[in-house]
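What follows is a set of notes on a single structure, which appears directly below.
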Amino acid sequence: MEDKTTNRMPLIGEDAPSFKAVTTQGEINFPEDYKGKWVILFSHPADFTPVCTTEFMTFATMADEFRALNTELVGLSVDSLYAHIAWLRKIQEIEWKGMKNVEVKFPLIEDIRMDVANKYGMIQPGQSNTQAVRAVFVIDPDGKIRTILYYPLSMGRNFDELKRIILALQKADKDGVATPADWRPGDDTIIPTAGSCGTAKERMESSDDGQYCLDWFMCFKKEK
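Residues in the sequence shown are numbered from 1 upward in steps of one, following our numbering.
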């Protein structure tokens with residue numbers, strides 16, 4: 001009989017599904033072990049594949065940049081722990097785009113039974129029933145999912161964008177603002193839309209040097 005069991009993909013704003021897993025850095029209890037930190041939980045299709053190798057080299061090279069943002073990296077594929085270890089050792093022998101002797105120090109989850117991948121909707125039948133797509137879940141210090149990205153098997157991720165996402169979310173949380181298209185640190189941010197006619201009028205007529213409005217619903221906070 002065909003198995004009709006399905007797992008609903010977690011959504012933005014929901015608690016990150018919890019799990020315990022064996023990784024290349026020992027056992028983890030997720031997300032409890034990462035309380036108080038941001039986490040990028042990401043999946044890749046398989047070890048010893050070229051796109052995944054370039055991604056892991058890039059992630060490992062940027063690990064300190066993410067850690068400086070109170071952000072930890074956690075990877076996953078449905079391969080075995082021993083395959084993970086062999087692949088990560090091989091990565092250290094590869095040179096690409098000036099990156100060489102790259103040591104992957106963040107945990108890579110063993111998920112042979114696809115338990116974690118199914119909890120997070122990382123298995124997409126239209127792509128493969130045996131490999132996880134390139135999913136990214138950004139999880140905040142309270143264990144809430146804040147951003148979800150999905151890439152097809154053939155396309156490597158944009159790591160500048162992953163870092164920008166962390167920066168933008170942290171900025172929004174810290175200052176209670178929104179970030180416009182293509183926002184980068186130092187760019188002006190958006191003030192929440194006025195909730196009343198009076199507030200809208202006050203903003204449009206304000207002489208506050210710290211903000212400006214393009215229209216009643218579109219006001220910016222100066223960052224420089």
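All C-beta atoms, glycine included, are put in the ideal place defined by N, C-alpha and C.
Local Cβ density within 10 Å of residue 55, reported as buried at 16 or more and exposed below that: buried
Separation of residue 204 from residue 217, as counted between CA atoms: 9 Å
Own chain residues within Cβ distance below 8 Å of residue 1, not counting five before or after: At residue 1 the pLDDT is 39, less than 50, meaning the model places this residue with poor confidence; the figure from the coordinates comes in the next sentence. Nothing listed; no residue qualifies.
Residue 80 CB to nearest heavy atom of the ligand GTP below 7 Å: In the structure shown, the ligand GTP is absent, as is every other ligand, since no ligand is present at all.
Residues that DSSP places opposite residue 86 in a beta bridge: Partner(s): none; residue 86 has no beta bridge.
Residue span of the alpha helix (DSSP H) that contains residue 32, given as start and end: Counting along the chain, residue 32 falls outside any alpha helix (DSSP H), and DSSP gives it neither H nor E.
Residue environment, residue 168, which counts as buried when at least 16 other CB atoms sit within 10 Å: buried
Reduced DSSP secondary structure (H/G/I, E/B, other) of residue 3: Note that residue 3 has pLDDT 45, beneath the 50 cutoff, so the model's placement of it is unreliable and the number below is only indicative. In the structure shown, residue 3 sits in coil (DSSP, three-state: anything other than H, G, I, E or B).
For residue 181 and residue 108, the rounded distance between their alpha carbons: 32 Å
Test item: CB-CB of residue 19 and residue 115 under 8 Å: yes
Spatially closest choice to residue 82 from 74, 67, 103, 111, by CA coordinates: 111
Contiguous beta strand (DSSP E) assignments of at least 3 residues, all confined to the region 77-121: 108-110
Limits of the beta strand (DSSP E) - the one that residue 211 falls within: 211-215
Contact check, residue 16 vs residue 166, beta carbons under 8 Å: no
Per DSSP, the bridge partner or partners of residue 218: 215
CA-to-CA distance, residue 163 to residue 152, given in whole angstroms: 20 Å
Beta-ladder partner(s) of residue 132, from DSSP: 123
Sequence-distant residues of its chain with Cβ nearer than 8 Å to residue 190 (five each side left out): 177, 178, 179, 180, 218, 219, 220, 221
C-beta contact flag for residue 12 and residue 148 at 8 Å: yes
Residue 155 vs residue 99 beta-carbon contact at 8 Å: no
C-alpha gap between residue 3 and residue 118, whole angstroms: Residue placement at residue 3 is flagged as unreliable, the pLDDT there being 45, under the threshold of 50; the coordinate-derived value follows with that caveat. Spanning the two alpha carbons is a distance of roughly 14 Å.
Per-residue burial, residue 30 [other beta carbons within 10 Å of its own, 16 or more giving buried]: buried
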